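Enquirer: Residue numbers are given in this note's numbering: position 75 of the sequence shown equals residue 78, and the series is strictly consecutive. Attaching a single structure in structure tokens format; questions to follow.
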Amino acid sequence: MEYIVAVDIGGTKIAAGVLNKENVWMSEVKIKSDTSSANNMYASLLESIQEAIDQANLSKEQITGIGLTIPGQLDTEKGLAIYQNNLPWENFPVGDRLAKEFPTYQLAFEHDVVAAALGEWSVRNLTDELFVYITVSTGICASIIHQGKPLRGLGLAGEIGFFPVHEGQVLENYASGSAMERALKLGDPNCTLADSFKRWKQGDKDLDSFFQDRAYQLAVAIFNVTAVLDPDRIVLGGGVINNQESFFKLIKDHYQSLCKHPLQKNWPTRIELSTLKGKSGLFGVAMKASVSI
4 MEYIVAVDIG
14 GTKIAAGVLN
24 KENVWMSEVK
34 IKSDTSSANN
44 MYASLLESIQ
54 EAIDQANLSK
64 EQITGIGLTI
74 PGQLDTEKGL
84 AIYQNNLPWE
94 NFPVGDRLAK
104 EFPTYQLAFE
114 HDVVAAALGE
124 WSVRNLTDEL
134 FVYITVSTGI
144 CASIIHQGKP
154 LRGLGLAGEI
164 GFFPVHEGQV
174 LENYASGSAM
184 ERALKLGDPN
194 CTLADSFKRW
204 KQGDKDLDSF
214 FQDRAYQLAV
224 AIFNVTAVLD
234 PDRIVLGGGV
244 INNQESFFKL
254 IKDHYQSLCK
264 HPLQKNWPTR
274 IELSTLKGKS
284 GLFGVAMKAS
294 VSI
């Protein structure tokens, strides 16, 4: 039996788990990230790996590989964390350190959004189809999978958060989860995005205008991606989408209203919700860590 440890590294927490050959999670752990120094952050990573193995009642010898998702700029071949906005790593050799710690393991590294895309692509049993995954969370980003491989360009492929919206703003600073919460707090410093969504679903008209506008801008971005790439499937995920299905439906409604040409009549059917939700990245990087799982 093969077992892969998958780890999703973030500035607030690290999520980890062990996946077996039948794609069943044997363990799921979350620990707080210690961002006080580069070495302490690495120690948090090792702790998450060990806890995941222990919770699965396995020994280190039974593990065959480790897959890591890392945000920011990353050398996926070497496992070099070049720059992470919310981590204390700069040109930090995660791959070299792990190779010394676990010399018999197969190691895999991936950008967090690309890993999520690979996860969603894998569970749909796609092959040559063009596939796009879009995350709406703390930030906004897309990943494009073509014939099973992510398209990276020169390193910034899929950064739809840079799309301009209005008044000189870009999409990520207007419609991401963090941007929406900042805007809402200008009216009420104590409000949260989750509370605002709850009040919106209860009929708050002011919030309806707010979320209608954000959903429309996201729909325009998705429409533009469709027009350029003509993908077989576009999957939406990330914290905002995974936790607010009503907002996803609103985005899709606006998207459908943009599809006016007869050739676009089937475009809305290509838009789907994430299947794996918060485990998309973990599953994707586990797939990358072992070709047999």
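We put the beta carbon where it would ideally sit given N, CA and C, even for glycine. Fair warning: this is a prediction, and the values are worked out from it, not measured in the lab.
#1: In whole angstroms, give me the CA-to-CA distance for Phe95 and Gly14.
#2: With a Cβ-Cβ cutoff of 8 Å, do Gln109 and Ser260 count as a contact?
#3: Could you tell me if Glu297 is buried or exposed, where buried requires 16 or more neighbouring beta carbons within 10 angstroms of its beta carbon?
#4: If we count Cβ pairs, one from each stretch, closer than 8 Å, do we get three or more for the segment 174–187 versus the segment 126–144?
#5: Can you tell me where the alpha helix (DSSP H) holding Ser62 begins and where it ends?
#6: Here's the rule I'm using: 16 or more other beta-carbon atoms within 10 Å means buried, otherwise exposed. How should Ser146 be labelled?
#7: Checking 8 Å against the spacing of the C-beta atoms, do Leu285 and Gly20 come in under that value?
#8: Within the continuous alpha helix (DSSP H) that includes Ser199, where are the two ends?
#9: Distance, Cα to Cα, Pro193 vs Arg217?
#10: Using the DSSP secondary-structure output, state which residues sit across from Arg236 in a beta bridge.
#11: In the DSSP assignment, find the unbroken alpha helix (DSSP H) run with Leu98 in it and report its ends.
#12: What would DSSP say about Phe166, mapped onto helix, strand or coil?
#13: How many angstroms separate the CA atom of Pro234 from the CA atom of Ser62?
#14: What's the call for Ser36, buried or exposed, on a 16-neighbour Cβ count within 10 Å?
#15: Confirm, please, whether the CB-CB distance from Ala222 to His257 is below 8 Å.
#16: Leaving out five residues on either side along the sequence, give the residues of the same chain with a beta carbon under 6 Å from the beta carbon of Pro74.
#17: Below 7 Å CB to CB, which residues in the same chain sit around Phe226 once its five sequence neighbours on both sides are set aside?
#18: According to the Cβ coordinates, are Ala55 and Ala289 closer than 8 Å?
#19: Let me know the beta strand (DSSP E) ranges lying completely inside the segment 110–155, each 3 residues or longer, listed in chain order.
#20: Helix or strand or just coil, what does DSSP make of Val32?
#21: Given a cut-off of 8 Å on the beta-carbon distance, is the pair Gly240 and Ser283 in contact?
#22: Around the Cβ of Gly113, are there at least 16 other Cβ atoms within 10 angstroms (buried) or fewer (exposed)?
#23: Pop quiz: Ser30 and Gln58 are said to be a contact at Cβ under 8 Å. What is the actual Cβ separation, rounded to whole angstroms?
#24: Consult DSSP for Leu48 and reduce its assignment to one of helix, strand or coil.
#25: Counting only the same chain and skipping the five closest in sequence on each side, list residues whose C-beta sits under 8 Å from that of Val32.
Expert: Per the coordinate set shown:
#1: 15 Å
#2: Contact: no.
#3: Nothing can be reported for residue 297, as the shown portion of the chain is limited to 4 through 296.
#4: yes
#5: First-last for Ser62: undefined, no H or E at that position.
#6: buried
#7: yes
#8: Where Ser199 is concerned, the enclosing alpha helix (DSSP H) stretches over 196–204.
#9: What sits at residue 193 in the sequence shown is Asn, not Pro. For Asn193 and Arg217, the distance between alpha carbons rounds to 21 Å.
#10: Phe134
#11: According to the sequence displayed, residue 98 carries Gly and not Leu. First-last of the alpha helix (DSSP H) with Gly98: 97–104.
#12: coil
#13: Each residue's Cα considered, the two are about 43 Å apart.
#14: buried
#15: yes
#16: Gln87, Asp115
#17: Short of 7 Å from the beta carbon of Phe226, and not among the five residues preceding or following it, lie these beta carbons of its own chain, in chain order: Tyr258, Leu261.
#18: no
#19: 133–139, 143–149, 152–154
#20: strand
#21: The Cβ-Cβ distance between Gly240 and Ser283 falls below 8 Å.
#22: Reading off the sequence shown, one finds Glu at residue 113, where the question assumed Gly. The residue in question, Glu113, is buried, as its Cβ has 16 or more Cβ neighbours within 10 Å.
#23: 4 Å
#24: helix
#25: For Val32, where only same-chain residues beyond five positions count, the Cβ hits under 8 Å are Ala18, Ala19, Gly20, Ser51, Glu54, Ala55, Gln58.
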